[in-house]
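Chemist: Structure incoming, see below.
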Amino acid sequence: MTKGRRSSVPALSVGEVAARSGVAVSALHFYETRGLIRSERNAGNQRRYPRDVLRRVAVIKVAQRVGIPLASIAEALDTLPEGRTPNAGDWRRLAAHWRAELDDRIHRLQRLRDQLDGCIGCGCLSIKACTLRNPSDVLAADGSGPRILEPDGP
Ligand code: FES
1 MTKGRRSSVP ALSVGEVAAR SGVAVSALHF YETRGLIRSE RNAGNQRRYP
51 RDVLRRVAVI KVAQRVGIPL ASIAEALDTL PEGRTPNAGD WRRLAAHWRA
101 ELDDRIHRLQ RLRDQLDGCI GCGCLSIKAC TLRNPSDVLA ADGSGPRILE
151 PDGP
C-alpha cells in the first residue's frame, strides 16, 4: 500500500484482519514478510491495513488450501495494481493469469478422484486391474511415476 493512499473506508488493525479473515496474526505477519500483503503505520506506529486486504488474505488462504505454492500465489497477487484498491477487472486479470494452473490442478484432482480405485500405472502390479492396464509393468517404458494417473508426468 503506497504511502499516502487514502480511503474513506477505515483501515483495519492486524487483530481486526485476523478476526474477520480467520487467519492468525502470525500468519498475517508472515504474509507481509513475503510481500503478499502490505500495511501502513499509523501515528502510533501500529500496522493498519486497507480493507481490501481481506480479499487478498481470503484468496491466499483458499489457494494454499488447494495446494497452490506460496510463490505462485505471490506471482498472481503481483499482477494486482499498487496504490489503489484492485477492482473487478484487476481480479479478472489475476484469474486469467492463474486459470491454466488452476485448470491443471482441477484435472489432476479429478483423475485422482476417478482413477484411484483402478490401476494407476505405478508399477506395483498389486491389484487385479494391473494385469489389464499395465501387464508386466509395460508402462515403465513411458517413464517414472503413475503413468495412468499422470500421463503427462509430474
Ligand atoms: S496400480 Fe500400480 S501398477 Fe497398477
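By the working numbering, the letter at position 25 of the sequence shown is numbered 25, and the numbering carries on one by one without gaps.
No residue lacks a Cβ here, since even glycine has one placed at the ideal position from N, Cα and C.
Computed from a predicted model, the values in this text were never measured in an experiment.
Compute every distance between the C-beta of Ser144 and the non-hydrogen atoms of the ligand FES, then say whether any falls below 7 Å.
Modeler: Counted from its first residue, the sequence shown places residue 144 at position 144. Because no heavy atom of the ligand FES lies under 7 Å away, the Cβ of Ser144 does not count as near it: no.
Chemist: Runs of 4 residues minimum, wholly inside the stretch 63–137: which ones carry the alpha helix (DSSP H) assignment?
Modeler: 70–77, 88–115, 128–133
Chemist: Pull the bridge partners of Glu32 from the DSSP assignment, please.
Modeler: As a first step, residue 32 must be located in the sequence shown, where it is residue number 32. BP columns for Glu32 are empty, so no partner.
Chemist: Kindly give me the distance between the Cβ atoms of Ala76 and His97, rounded to whole angstroms, as I take these residues to be in contact under 8 Å.
Modeler: Translated into positions along the sequence shown, residue 76 becomes position 76. Translated into positions along the sequence shown, residue 97 becomes position 97. Confirmed, about 6 Å.
Chemist: Near Ile37, what residues of its chain come up, given a Cβ to Cβ distance below 6 Å and the 5 sequence neighbours on each side ignored?
Modeler: To locate residue 37, count along the sequence shown from 1; it is residue 37. If we look at Ile37 and ignore the five residues flanking it on each side, its Cβ neighbours are Tyr31, Val53, Arg56.
Chemist: The alpha helix (DSSP H) with Glu16 in it runs from where to where?
Modeler: Residue 16 sits at position 16 when you count from the first residue of the sequence shown. 14–21 is the span of the alpha helix (DSSP H), which, as asked, contains Glu16.
Chemist: Roughly how many angstroms separate the alpha carbons of Pro135 and Ala58, rounded to a whole number?
Modeler: By one-based count along the sequence shown, residue 135 stands at place 135. By one-based count along the sequence shown, residue 58 stands at place 58. One C-alpha to the other measures close to 46 Å.
Chemist: If we call anything under 8 Å between Cβ atoms a contact, is Tyr49 one with Ala100?
Modeler: As a working note, residue 49 is residue 49 in the sequence shown. As a working note, residue 100 is residue 100 in the sequence shown. No. Outside cutoff.
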